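Visitor: According to UniProt numbering, the residues represented by the first sequence are 1 to 328, in order.
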Amino acid sequence: MSQQQPHSRREAAHRDADSSTGVSNTTRDERRDSTHETVCSECGGQLTRDERRGERACTDCGLVVDEDHIDRGPEWREFMDDSENKGRVGAPLTELHHDRGLSTKIGWQNKDAFGKALQPKQRAKMERLRTWDERFRSKDSQERNLKQAFGEIDRMASALGLPKSTREVAARLYRTAINNGLLPGRCIEGIASASLYTAARKTQSPRSLDELTAVSRVDRLRIQRAYRYLMRELDLGVEPANPETYLHRFHSTLGFDDEVEYVARDLIETAVEHNVHSGKSPLSMAAAALYAAARLTNTETTQAEISDATGVSDVTIRDRYQDILEVQ
DNA sequence: ACATATAGCCTCCGGCC
DNA sequence: GGCCGAAGGCTATATGT
1 MSQQQPHSRR
11 EAAHRDADSS
21 TGVSNTTRDE
31 RRDSTHETVC
41 SECGGQLTRD
51 ERRGERACTD
61 CGLVVDEDHI
71 DRGPEWREFM
81 DDSENKGRVG
91 APLTELHHDR
101 GLSTKIGWQN
111 KDAFGKALQP
121 KQRAKMERLR
131 TWDERFRSKD
141 SQERNLKQAF
151 GEIDRMASAL
161 GLPKSTREVA
171 ARLYRTAINN
181 GLLPGRCIEG
191 IASASLYTAA
201 RKTQSPRSLD
211 ELTAVSRVDR
221 LRIQRAYRYL
231 MRELDLGVEP
241 ANPETYLHRF
251 HSTLGFDDEV
261 EYVARDLIET
271 AVEHNVHSGK
281 SPLSMAAAAL
291 YAAARLTNTE
301 TTQAEISDAT
311 GVSDVTIRDR
321 YQDILEVQ
């Protein structure tokens, strides 16, 4: 990640170091402040920073608001016997590389540190070193397997517009599958696709099986089987989301009064207590609760309007609306 | 691995107020 | 125009063979 752009980073560091005037310090501080929001724009939840991943994400809905964050804090070495302080050194670990991004790579350009072209003799030497470097970095079949699978996961996730956090979850799942010996006899692409499918659901950005099939190299049935297999063998319960997590987002899309959201929250709580929600889509529960709350608070709206804002059909809103009212 | 059953959700449509 | 309900189809999931 950061290893790929050493120049831009170094130049930025130079700029900061060279400009010791108050003016430039102010601009630097402003730049840092611009990423200091603490509330999620989607659901209003608390944003927390994960320094290890270089991300900031919402604790409620999982929305990643800031990736590839560059830590401009002190980069000092620790000589005291206080290992906790040595935490932030080097690039953040990533599950998306078979070696977790820990290794370095010999560049492809045949140039020295000053950008000058290498002599033919040196060039031949570097080519030999590159070959061996590559061999060591993916030395056994399992490493090569991981490299191929993570490449697939990354490619499919890009095609589906899934965030990096989802790719990381998918990569972790795949690694777990390998560690549990679930790979032999199954195709890499199938398990990789299933890992991504599961990760997308787990990180609240689900994609349908059809969407995944469209970007995967294996057919729909294989992905489906691999998914079941993973769920069964790894005992993965993909717990359905709480309807309340969708309330705030829908509510702000619809531009209702805050009171509507409070009432809707109460309605959902009662519905959940009576187990009306089980087996039902949390989306439809949230949509119906908003419709019911709007009616109870004399807010002007229609089923069609809520259907548009939530993507839940008006028929389903009607059904869940009845369910919710029955238990109040 | 494949077939079948079930439940949830969807679209489409017509009737009612 | 908005609400309601029925019919039929699609999909995900569970279960049986």
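Even for Gly, the Cβ is constructed at its ideal location relative to N, Cα and C.
Just so it is clear, the structure is predicted and the values come from calculations on it, not from any experiment.
With DSSP collapsed to three states, give me the class of valine 327.
Guide: In this structure, valine 327 counts as coil in the three-state DSSP scheme.
Visitor: Report all residues from its chain with a CB closer than 7 Å to the CB of aspartate 235; omit the five preceding and five following residues, and keep chain order.
Guide: Taken in chain order, the list of residues that qualify is empty.
Visitor: Can you give, in chain order, each stretch of the alpha helix (DSSP H) that sits fully within the segment 294–320 and has at least 4 residues?
Guide: Correct list: 303–310.
Visitor: What are the boundary residues of the beta strand (DSSP E) that arginine 56 is part of?
Guide: Element bounds for arginine 56: 55–58.
Visitor: Suppose the cutoff is 7 Å on Cβ atoms and the five residues either side in sequence are ignored; what does the same chain contact list for asparagine 110 look like?
Guide: Closer than 7 Å at the Cβ level, and outside the excluded window around asparagine 110, lie Ala117, Leu118, Arg123, Met126.
Visitor: Is the distance from the Cβ of alanine 317 to the Cβ of alanine 294 below 8 Å?
Guide: Rather than alanine, the amino acid found at residue 317 in this sequence is isoleucine. Result no, Cβ atoms of isoleucine 317 and alanine 294 do not sit closer than 8 Å.
Visitor: Do glutamate 168 and threonine 94 come within 8 Å of each other at the CB atom, strictly closer than that value?
Guide: Against a cut-off of 8 Å, the Cβ pair of glutamate 168 and threonine 94 comes out as a contact.
Visitor: Helix, strand or coil for leucine 47 per DSSP?
Guide: In this structure, leucine 47 counts as strand in the three-state DSSP scheme.
Visitor: Round the Cβ separation of tyrosine 197 and leucine 212 to the nearest angstrom and send it over; I've been treating them as touching at under 8 Å.
Guide: The Cβ separation is near 5 Å, so the contact holds.
Visitor: Can you give me the Cβ contacts of arginine 265 inside the same chain, cut-off strictly under 7 Å, excluding the 5 residues immediately before and after it?
Guide: Excluding sequence neighbours, arginine 265 sits near Glu244, Leu247.
Visitor: Which residue wins for smallest C-alpha separation from alanine 214, given the options Ser158, Asp314, His277?
Guide: Of Ser158, Asp314, His277, the residue nearest in Cα terms is Ser158.
Visitor: Between which residues of its own chain and leucine 183 is the CB-CB distance below 8 Å, once the five residues before and five after are set aside?
Guide: Around leucine 183: Asn145, Ala177, Ile191.
Visitor: Measure the C-alpha to C-alpha separation of arginine 249 and alanine 286 and round it to an integer number of angstroms.
Guide: Taking the straight line joining both Cα atoms gives about 10 Å.
Visitor: Across which residues does DSSP place valine 64 in a beta bridge pair?
Guide: In the DSSP output, where bridge partners are listed per residue, valine 64 has Ala57.
Visitor: Using a Cβ-Cβ cutoff of less than 7 Å, which residues in the same chain neighbour asparagine 179 once the five nearest sequence positions on both sides are dropped?
Guide: Cβ within range, chain order: n/a, list empty.
Visitor: Rounded to whole angstroms, what's the CA-CA distance from alanine 199 to valine 64? Just pull it up for me.
Guide: For alanine 199 and valine 64, the distance between alpha carbons rounds to 15 Å.
Visitor: Could you check the C-alpha separation between arginine 49 and lysine 164 for me, to the nearest Å?
Guide: Cα to Cα, the separation comes out at about 15 Å.
Visitor: Could you tell me which of Lys280, Gln322, Leu96 sits nearest to tyrosine 291, measuring between CA atoms?
Guide: Tyrosine 291 has its Cα closest to that of Gln322, out of Lys280, Gln322, Leu96.
Visitor: Could you tell me the distance, in whole angstroms, from the CA atom of glutamate 233 to the CA atom of arginine 100?
Guide: One C-alpha to the other measures close to 24 Å.
Visitor: Report the residue from Leu173, Gly44, Thr299 whose alpha carbon sits nearest the alpha carbon of phenylalanine 256.
Guide: Comparing Cα-Cα distances from phenylalanine 256 to each of Leu173, Gly44, Thr299, the minimum goes to Thr299.
Visitor: Among the candidates Gln142, Thr297, Glu152, Gly44, whose CA atom is the shortest distance from the CA of glutamate 259?
Guide: Comparing Cα-Cα distances from glutamate 259 to each of Gln142, Thr297, Glu152, Gly44, the minimum goes to Thr297.
Visitor: Which class does lysine 111 belong to by DSSP, given the choice of helix, strand or coil?
Guide: Lysine 111: strand per DSSP, three-state reduction.
Visitor: Straight-line CA distance for arginine 186 to histidine 251?
Guide: Computed Cα separation, rounded: 45 Å.
Visitor: With 16 as the cutoff for other CB atoms within 10 Å, does arginine 128 come out buried or exposed?
Guide: With fewer than 16 Cβ atoms within 10 Å of its Cβ, arginine 128 is classed as exposed.
Visitor: On the DSSP letters alone, give me the boundaries of the alpha helix (DSSP H) that alanine 200 sits inside.
Guide: First-last of the alpha helix (DSSP H) with alanine 200: 188–202.
Visitor: For a test of the three-state rule: what should DSSP assign to alanine 117, helix, strand or coil?
Guide: Strand.
Visitor: Taking 8 Å as the cut-off, decide whether the C-beta atoms of alanine 194 and alanine 226 are in contact.
Guide: For alanine 194 and alanine 226, yes; Cβs fall inside 8 Å.
Visitor: Rounded to a whole number of angstroms, what is the C-alpha to C-alpha distance between arginine 217 and threonine 301?
Guide: Their Cα atoms are separated by approximately 45 Å.
Visitor: Just checking my contact of alanine 304 with aspartate 319 at CB under 8 Å: how many whole Å lie between their CB atoms?
Guide: That belief does not hold up - the Cβ atoms of alanine 304 and aspartate 319 are roughly 15 Å apart, past 8 Å.
Visitor: Using the rule of at least 16 other Cβ atoms within 10 Å of the residue's Cβ for burial, across every protein chain shown, is phenylalanine 150 buried or exposed?
Guide: It is buried - the Cβ of phenylalanine 150 has at least 16 other Cβ atoms within 10 Å.
Visitor: From this set, Trp132, Asp210, Met231, which residue's C-alpha is nearest tyrosine 174's C-alpha?
Guide: Here the closest residue by C-alpha is Met231.
Visitor: Using a threshold of 8 Å, state whether the C-beta atoms of threonine 131 and threonine 166 are closer than that.
Guide: Cβ distance not < 8 Å, so threonine 131 and threonine 166 don't count as in contact.
Visitor: Kindly indicate the opening and closing residues of the alpha helix (DSSP H) around histidine 248.
Guide: 244–254 is the extent of the alpha helix (DSSP H) around histidine 248.
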